[in-house]
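In the numbering used here, the protein residues as written are 27 to 269. All residues carry an ideal CB built from backbone N, CA and C; glycine is no exception.
Take a look at the structure:
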């Protein structure tokens, strides 16, 4: 299927809007993982077979889908959060859309989603997370088991947060659940993953349960990884009537 899209730049970062043939009036913001990128004419979600299928399926349901390169491996940095807010504002001004959006966050992208849930809850209808990274401090400690990956992650966080490597432990946020009325559903890959569920989604689910937050976790096998567009659509659809 030919994807209709528009590429543009915000703060020197390439962004893209994918337009459906039959718009339903709702938008999905994608917040990608560490391999995520957008250039002047393509993106990781266009090049990766499974993600492209998920993207096309969601467009078939009528969603306008948008995302940014977000400075590469941002690890939820304040700079990335600021740019995402600019992007949301820009897309809602330039397209005919309902002003409350859906979010689809994968891996590291969930760190930005958490900040948006803190600061823009009134603008978000519902959030889907795919095997999310939710606790940056816990992930950093986990990566210590492999010296190479740990050093690389420290360097990436230092660049993203614009701080000295020596100050990272004090600067990166730990996991907390911010009480809001925004429903969240997590599809978590079973087995060995980059972001172990015991450090991330399971911990988040427990925090949410303590304050009666709306978090639902579903575990799935690797072969089902990008084949639940219908389930995502059905989850989003429950909240189409929110004012």
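Option in the options with minimal Cα separation from residue i
i           : options            : result
residue 152 : 222, 205, 210, 63  : 210
residue 237 : 202, 262, 259      : 202
residue 160 : 103, 48, 73        : 103
residue 187 : 156, 264, 97       : 97
residue 91  : 51, 112, 155, 105  : 51
residue 212 : 190, 172, 133      : 133
residue 258 : 164, 86, 66, 122   : 86
residue 77  : 31, 254, 39, 266   : 254
residue 163 : 61, 38, 221        : 221
residue 204 : 145, 65, 101       : 145
residue 150 : 59, 60, 124        : 124
residue 71  : 180, 252, 219, 121 : 252
residue 61  : 260, 266, 101      : 101
residue 250 : 190, 215, 69, 89   : 215
residue 141 : 192, 200, 240      : 200
residue 48  : 30, 169, 226       : 30
residue 266 : 190, 89, 99, 156   : 89
residue 39  : 80, 99, 226        : 99
residue 256 : 268, 63, 154, 217  : 154
Where residue i falls: helix, strand or coil (DSSP)
i           : result
residue 92  : strand
residue 251 : coil
residue 151 : strand
residue 143 : helix
residue 292 : Absent from the model: residue 292. The displayed extent of the chain is 27 to 269, so no value can be given.
residue 265 : coil
residue 52  : coil
Identified DSSP bridge partners for residue i
i           : result
residue 41  : 34, 94
residue 57  : 131
residue 138 : DSSP lists no partner for residue 138.
residue 69  : 64
Whole-number beta carbon distance between residue j and residue i, since they are thought to touch under 8 Å
i           : j           : result
residue 206 : residue 194 : About 28 Å separates the two Cβ atoms, so there is no contact after all.
residue 53  : residue 117 : 6 Å
residue 93  : residue 262 : Incorrect: roughly 16 Å between the Cβ atoms, too far for contact.
residue 270 : residue 208 : Here the chain has residues from 27 to 269 only, and residue 270 is not among them.
residue 114 : residue 55  : 7 Å
residue 198 : residue 233 : That pair is no contact at about 18 Å.
residue 59  : residue 135 : 6 Å
Contact with chain B by residue i, beta-carbon distance below 9 Å
i           : result
residue 170 : In the structure shown, chain B does not exist; there is a single protein chain.
Checklist line | Complete beta strand (DSSP E) runs within the stretch 161–245 (minimum length 3 residues, chain order) | finding: 210–215
Query raised in the report: In chain order, which continuous runs of the alpha helix (DSSP H) of length 4 or greater are located wholly inside the stretch 75–133?
Result: 75–86, 104–120
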